[in-house]
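Reading through the structure tokens given below for one structure.
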Amino acid sequence: MKWLGDRSYAWPVLIAVVIFTALNAFASPAFTDVTNWNGMLIGVAPFIITAMAQTAPVLSGEGGIDLSVGPLAGLVNAMVTSILVPNGWADPVTIIGASLGVGILSGLLNGFLIAVVRVQPIIATLGTFLAFQGITLEMLPMAGGLAPQWLLGLADSYGGLSGMLVLLIVLGLVWLAFERTGYRRNLLAVGGDARAAYASGVNVAGVRIIAYVIGGVLAAIAGLVFTAALGSGDPRVGVPYTLTSIAAVALGGIALTGGRGGMLGAAAAGTLLFLIQTLFTLAQVSIFYIQIMYGLILLVALTLNAAGERARRGRMTKQLG
């Protein structure tokens, strides 16, 4: 089951998800009430999708963290609620097409800067982070606007079937199909050793550009999810998810040096972060302390990730010796 990625990382996170699910259920019996599941899916979906958006850029190597994931999702939310819907472009084809188009263009821009111009990923995506947030605030200076009625349906359930659950299942199936393609093998090869991949005939620049395009498309989908969940626009809604997406990929076993990891771990870690936030909320912990908690989780995740990589290199050195 190759889609599990590096199970030595994925399984601990999955176990933590089970533990924190139990803790939430103990803290609030209503947590396990079926009638609340749709609301929980609406809450967890942005964590999972932004973690997915961060995955391909990180796998591409060279410190490929994409800081623009959150602001791009916010930009899509603002575009839909402040420009498209007010001007009568509220049909699904226009909104989905425009949103995915913005995601693709963002990915192409980030990928070009990183793979062709050779700007360091953290610098390139910090630039697009600031640019996207500025554009968003220009379009929507404060919360407002309206979401189209059809998009609001994504946050509803039909006959007990959650629209958000359907979306997550579809994204999961798409990723499973992606994991079986030659591109994934090239992505891991480039992230693991770009020079060796280039020597074997892999188009390193092309692989990295596509990785950022994948991230951009998924971030755009996250923006549509925000719009469905809020029913309106909020210029700052996406920004916190840059931090949580990075924490999720680190916790989920994706090597921040690139070339190793699986989507299951990232999605599970995104779920874990949501469960931790929910537990803190049930305990009536201030939002400011929750932000501190996110920062600490990120530091711990980065430390564990680095320690794991050192241990892995040590084992490889012993085997070669």
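Residues 2 to 322 in my numbering are what the sequence shown lists, from first letter to last. Virtual Cβ for every residue (Gly too), placed ideally from N, Cα, C.
Out of curiosity, what's the CA-to-CA distance linking residue i and residue j?
| i | j | result |
| --- | --- | --- |
| G296 | A125 | 22 Å |
| N39 | D157 | 7 Å |
| D7 | A267 | Any reading at D7 needs caution, since the residue's pLDDT is 44, under 50, leaving its predicted position unreliable; the model's value is listed next. Going from the Cα of D7 to the Cα of A267 covers about 11 Å. |
| S107 | P30 | 43 Å |
| V197 | G71 | The amino acid occupying residue 197 in the given sequence is Ala; Val does not appear at that position. Their backbone Cα atoms lie some 33 Å apart in a straight line. |
| I288 | I105 | 33 Å |
| V301 | L85 | 41 Å |
| V94 | D67 | 28 Å |
Taking all protein chains shown into account, decide if residue i is buried (16 or more other Cβ within 10 angstroms of its Cβ) or exposed.
| i | result |
| --- | --- |
| A312 | exposed |
| K3 | Its pLDDT being 45, under 50, K3 is placed unreliably in this model, and the coordinates cannot settle the point. |
| G154 | exposed |
| I16 | exposed |
| N37 | exposed |
| R209 | buried |
| A46 | buried |
| W151 | exposed |
Is residue i helix, strand or coil when you go by DSSP?
| i | result |
| --- | --- |
| S246 | helix |
| G234 | strand |
| G224 | helix |
| G75 | helix |
| G104 | helix |
| G145 | strand |
| I12 | The amino acid occupying residue 12 in the given sequence is Trp; Ile does not appear at that position. Helix. |
| V203 | coil |
| G89 | coil |
| E139 | helix |
On the DSSP letters alone, give me the boundaries of the alpha helix (DSSP H) that residue i sits inside.
| i | result |
| --- | --- |
| W176 | 164-180 |
| W151 | 150-153 |
| A256 | Looking at the DSSP string, A256 is not in any alpha helix (DSSP H), and its letter there is neither H nor E. |
| A270 | 264-283 |
| I84 | Here I84 belongs to no alpha helix (DSSP H), and DSSP marks it neither H nor E. |
Assuming residue i and residue j are in contact, meaning their beta carbons sit under 8 Å apart, how far apart are those beta carbons, in whole angstroms?
| i | j | result |
| --- | --- | --- |
| F189 | G135 | Looking at the sequence shown, residue 189 is not Phe but Leu. That pair is no contact at about 35 Å. |
| M41 | M264 | Contact flag wrong, Cβ pair sits at about 21 Å. |
| S1 | L273 | A question about residue 1 goes unanswered here, because the residues of the chain that appear run from 2 up to 322. |
Could you tell me whether any Cβ in chain D is nearer than 8 Å to the Cβ of residue i?
| i | result |
| --- | --- |
| G266 | Absence of chain D from the displayed structure is noted, only one protein chain being present. |
Any heavy atom of the ligand GTP inside 7 Å of the beta-carbon of residue i?
| i | result |
| --- | --- |
| S29 | Although the ligand GTP was asked about, the structure shown includes no ligands whatsoever. |
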